[in-house]
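Let me begin by presenting the structure, written as structure tokens, before commenting on it.
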Amino acid sequence: MRLLELEFENFKSFKGHVTLPLGPGFTCITGPNGSGKSNITDAILFILGTRSTKLLRARKLKQLIYGFQEGTKKKTGPKACKVSMVFDNSDRFLAVEKDQVTFTKGIRLRGEDTTTYYQLDGIKSSAREFEALFSRAGLYATGYNIIQQGDVIQTSLMSGTERRRKIEDVAGITAYDNRLRSTRSARNSVEADLTLLNDRAKEAKRTLKQLEREKEDAEKLEVILDEIKETELLLKFRNVFDFEAEIESRREVVERYTKELSELKKEQHNRKEDIESKQNQFEKVEKNIAVSGGDKARELQEELDKTRVAHALSERNVDGAANRLHELEISRKILDDDHKIASNELKNLNLDLTTISKDVSKMEDKITAKVSKLSKLEGAAANNSEAVSTQRDELEVLRKNAGELEMQRHRLDGEKEQIEIQLASAKEQVIRSKKWLESIETDVKEADYQLKDLEVGRKSTTQNLDKVKTKHNRSLGTIEAHQNKLGSIDSKLRTFSMKLASQEAAQRAREEFGGYARGVQALLECRDKKELRGIIGTIAELGRVDEKYATALEVAAGGRLQSIVTEDDSAAAAAIDFLKRNNIGRVRFLPLNKVHSYKPSAHAILISKNEGALGFAQDLVKFDSRYSNVFGNVFGDTVIMDSLNRARKYLGKGRMVTLQGELLESGGALVGGAAPRTGIHFGTSERNDIDELANDIRNLEAEKLQLSSELNEIIREAAQLATTRQELESEKAAFQTRVTDYDGRTGEIKKRLQEADDAVKIREGLVEALQGEIIERTGLLEGLEKDIQEVSTKISKATKNLQAVAGGKTSKVISELQNNLDGAREELSVGQAKLASLTAKVDSMKSEVGRLKGELEINNNEQKELQETHKLETRKGKELEKLLKSLRQEEEEKFKELKGLRDERDELHDLLTNLKTDFSTKQELRRNRRHASDDLKIEISIREPKLIEAKSRIPKGTKTPQTVPGREKLDISKENLDRNRNRLGNVNMLSLEHYRQEFERFGEIKKHKKQLNEEVRRLDTLETKISEKKEAKFMGVYNNISESFKTSFKEITGGGEARLVLENKKSPFEGGVTIKARMPRKKTYPVEALSGGEKSLVSMAFIFAIQGYDPSPFYLLDEPDQNLDGVNTEHIGRAIALQSSVAQFLVVSLHHAALRESDNVIGVFMGDDGASRLHQIRDVDAFLASIPVEAEVGA
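The following block contains the structure:
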């Protein structure tokens, strides 16, 4: 890098634009006193960025402008000045990617003030950028490479401390000073923080004490609230479980009824055959009696038959009424449960409705407030403009219309939802009616095809019997197979148990005779006998290792293999007390709640990543994750190495163990030799064999238990199949019946069929009408949606127009408020939709509760009627029984001769009556079962959506509890919790959070105090290290400059001697640097005792010495030889000429010797107009001959 030229424009004594070209090497500037030579120096300092105008020999910046005179009223003349420095930057010494760089700095007058500007290659720049570029190149206005007029002996005159600081600047250790200052400041700050933390800790203690009581109440309330929340969640689960239980119980009943229907169908078929057979026999006997007894006997027989039929019918009616009463009672209980569930659900819905209503009301209040505020803003804008007023009126009309449309939409939504609920109910009724109709149609078909059904029933019974026989035989075979398998498992168990006992005995022997200390053994025995709690086991027990790493890991753990892991420190304390009482040694304990995690050191991490490292010892042991801290405590940062040769490379850097068992300590010690002998081992393959055997035994026992359970189940199933087989065989053998009493029932069934058909048509008509209303409401809603969309578009457009007309800040505020209002209206719309939906649900649930209540009333009324019927039929049966007894007695008296036939007839009649009665009862039971099954299916279909809804109320991700108390118990629990909450009264829940925050804050304060104490120690250590580095750096630079100073002074003075001396060699920074010099043929003196010229020589030698260590791109020296005589001037000139071979020198001088030694000479002369002018002096000798001989300068 080289300075190519300087450009001035109206700077100080230079008028207009002046260019000063500068060549390489040594350039000398000369001229008479007052001609403006030093103004060139001032120009360079001006660009480099001096902090004070005094260094530029001006009181104010405006005085740097050519021709400026303070206090004059002159308005003509320059109003600005500037200076440019042009550098050759082909070596990129300046951090600019250009071969030539121009720095320009100027001043402009602005009234009485001045402004300074900067340009880099004609582009606007800043003082910061100039300073950054110059400082990277080593150029400073106050640097050692720039000497202003009269400052040449400043180095000699400065104090030792200033001279030392000069060397510090050259050494670049200012950064160390900054770091030291920063470190000390940080330490002071940390100490101040410590004082503040102590005060805060005291304050936190006082606050914690004050919050303690409030916290206790808040914790009680928090517990109560959590229990309430849990109880409410359990209630939701209770609803789900109840619905599931109801659905499951109904499904079980449906399955049972279906099975019964199938069985009843088979039984009826058998009964029909029996009835037909007995009827034929009975008719034959009747004919014989009629032939034998005559008309009188026949009349008596007819009356007796009528009485018997009436008596049988009466008994059947009694049984039918009793069965129907039983079914109605079951139905009543189900309806009662449904009614309670629906009532509770209605109660919950009403609570939700109240909450949502309040929320919607709050949202409406907020919207009203925002609308009021918006109206005021728009009204204010309207007062200022007629256009705004018009837009506002139009917007108000649109908003009113939008509000009315929204209300209509919500009303229609509510109506539509209510109609949909009615439609769902009507469809449900249609389903019920169709089921009823289908049931009656089935009854009609059943009456017509009874005989055919009986044949099918017989075949079905035979098929079922065959299936049961096959299944029974298969069960017997499975029982035999399971018994054989159980025998095999028992044999294996005996073998494995003997093996396990043998290996465990061997393991215990090794532990007893080779291993654990007496105290450890005693504690393990107490653990096994449950005499001490909290003892988990030894490290050796809890770890499992591969055989490959066993030796290395046991050496790494050492005696800590016997360390006992406990649940907590209290368990460890109890064990220690046990050892003391019994005087059986000492044991190392590792309580899980106190042992901290261990982090490996940086050296250990580096070793673990090198060749030969197998990993950290802790990572090669298999153990439960909850024991990670205790294994970290045992092994620390021990690294397992594959061989000693590789481990020795890192000896002394960390703890290592080889696979052969050599131990390398972090301090440099090695332990090795024969393989260590110890009876304590980690679990390896032998232990794994024991574990595997134990696991196999557990699996076999589990399999045995399962097979035993399956065998018992199969035996029980085989017994049931045997019973079923016997029943089916009996049923098949006794399958005899026939159809009775269908003539009187056929008309009734047809009448019921017509009623059911009419009911289906009516309900289907209702469904069709409701569907029409839904379509109508949907059309109206679609039309409303379009109208709302159009109005919303108009509102948006009107709002934008209003904002555009209002303009300014008011427009922005209106826009923001309108956006907030739109958001609130959307939120309100969602809330209103929820409210409408919930209202519809409440109405629907009210209807359901009313329906259930009505069905309960119908059930109760029907039960009352049936009870009355049962009572009347029972009384009627008793009367008929008396009459039948009397007729039989009369028959016996009158027709003794017909005793044999009568007995046979009576027997047949009784049997036939029983068969008919049984057949009618089963037929009625079958019909009731079918109707009940249909009703239960409908109830299941109704409850399944309710179950889904109940499940949806449970938060997602909630774990289902194993057991849930009954509803009554949960309700009582919730009431008690509510009472407990009310007893606490007003509780400041924030105190709990405040206490937690304060407690955490107190913990953080203690933690922070510890960190700050550590930080103080770290900063002390850091300060020591920085001071040592600073001193080492300083001494290196000092020694270099000292040697260069000796050489430079000797060359300048032609044989003189000079040296730099530290005032305090032990602590250089506590003293300064003095200079002692000896001129040729003179004694050695301190620099303060030298003459002015000698001091100048010392200063120049010091500058050249610094240049030798830290060269600058160029040097600016203003009359460095002003105090020197002719001889010394020649020495200085030659020295500068010699140094100019490696740096550019720009020297202001009046001495001939300097002019002759320079490569370029620039003359500065003052013109008659008071402006400085420059001349290139090419012939120095001719120039010197034309001026008077210079006066000799005294030494």
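Going letter by letter, the sequence shown gives residues 19 to 1213 in the working numbering. Even for Gly, the Cβ is constructed at its ideal location relative to N, Cα and C.
*Please state if the CB of R256 and the CB of L995 are separated by a distance shorter than 9 Å.*
no
*Count the other C-beta atoms from every protein chain shown that fall within 10 angstroms of the C-beta of E1208, then say buried if there are 16 or more, exposed otherwise.*
Residue placement at E1208 is poorly supported in this model, since its pLDDT is 49, which falls under 50; the coordinates are not used for a value here.
*Of the choices L929, G555 and K566, whose alpha-carbon is the least far from that of A593?*
G555
*Please state if the CB of G849 and the CB of D370 are separated by a distance shorter than 9 Å.*
no
*Give the DSSP bridge partners of M1184, in chain order.*
S1190
*Can you give the beta carbon distance from E25 to S102, rounded, assuming they're within the 8 Å contact cut?*
4 Å
*Do you know how far the Cα of I1180 is from the Cα of T37?*
12 Å
*Could you check the C-alpha separation between G650 and T676 for me, to the nearest Å?*
19 Å
_Closest residue to N932 among K227, N51, K296 and T45 (Cα-Cα distance)_ = K296
*Opposite S102 in the DSSP bridges: which residues?*
E25 and T122
*Quick one: what does DSSP say H35 is sitting in, helix, strand or coil?*
strand
*How would you write the range of the alpha helix (DSSP H) that R545 sits in, first residue to last?*
R536 to D546
*Excluding sequence positions up to five away, which residues of its chain have a Cβ less than 6 Å from the Cβ of K1027?*
L215
*asked:* So the candidates are P1098, V1055 and R1096; which of them puts its Cα closest to the Cα of R182?
replied: V1055
_Within 10 Å of its beta-carbon, does S200 have 16 or more other beta-carbons around it, so buried, or fewer, so exposed?_
exposed
*Pull up the distance between the alpha-carbon of D383 and that of L853, whole angstroms please.*
16 Å
*Compute the beta-carbon to beta-carbon distance between K142 and F64, rounded to the nearest angstrom, for a pair I have assumed lies under 8 Å.*
Actually they do not touch by this definition, with Cβ atoms about 18 Å apart.
*Answer yes if the segment 553 to 569 comes into contact with the segment 676 to 691, meaning at least three C-beta pairs across the two stretches below 8 Å, and no otherwise.*
yes
_Option nearest E496 by Cα separation, candidates R126, K548 and E735_ = Reading the sequence as shown, one finds Thr at residue 496 and not Glu. The candidate whose alpha carbon is nearest that of T496 is E735.
_Let's test the definition: count the other Cβ atoms within 10 Å of the Cβ of R961 and tell me whether it reaches 16, buried, or not, exposed._
buried
_Coil, strand or helix - P1098 by DSSP_ = coil
_Does K977 pass the burial test, meaning 16 or more other C-beta atoms within 10 Å, or should it be called exposed?_
exposed
*asked:* Run through the DSSP bridge pairs and tell me what L127 is partnered with.
replied: T132
*Run the CB neighbour count on V573, radius 10 Å, all protein chains shown included, and call it buried at 16 or more, exposed below.*
buried
*Do you know whose CA, among Y84, L151, K896 and G984, lies nearest L252's CA?*
G984
_Cross-strand partners of L681 (DSSP beta bridge)_ = V675 and V689
*So, do the segment 631 to 647 and the segment 594 to 602 have three or more beta carbon pairs nearer to each other than 8 Å?*
no
*Looking at C-alpha atoms only, which residue of E710, S144 and H500 is the closest neighbour of E728?*
H500
_Alpha carbons only, please: which of H1012, Y1103 and I698 is nearest the one belonging to L579?_
I698
*asked:* So within the segment 136 to 222, which uninterrupted alpha helix (DSSP H) runs reach at least 4 residues, ignoring any that extend past its ends?
replied: 145 to 154, 172 to 175 and 178 to 189
*When the Cβ atoms of the segment 1128 to 1135 are set against those of the segment 1153 to 1161, are three or more pairs found closer than 8 Å?*
yes
*Out of curiosity, what's the CA-to-CA distance linking Y84 and P96?*
7 Å
*asked:* If you follow the beta strand (DSSP E) that Q1162 is in, where does it begin and where does it stop?
replied: Q1162 to V1166
*Could you check the C-alpha separation between S703 and K617 for me, to the nearest Å?*
Confidence at S703 is low in this model, with a pLDDT of 45, below 50, so its placement is unreliable and the value that follows should be read with caution. Near 30 Å, if we compare the C-alpha coordinates of K617 and S703.
*Comparing alpha-carbon positions, which option in E1075, F1201, S1045 and R1035 lies nearest N206?*
R1035
*By Cβ distance below 8 Å, which residues in the same chain neighbour A968 in space, the five residues on each side in sequence not counted?*
K254, N257, V258 and F261
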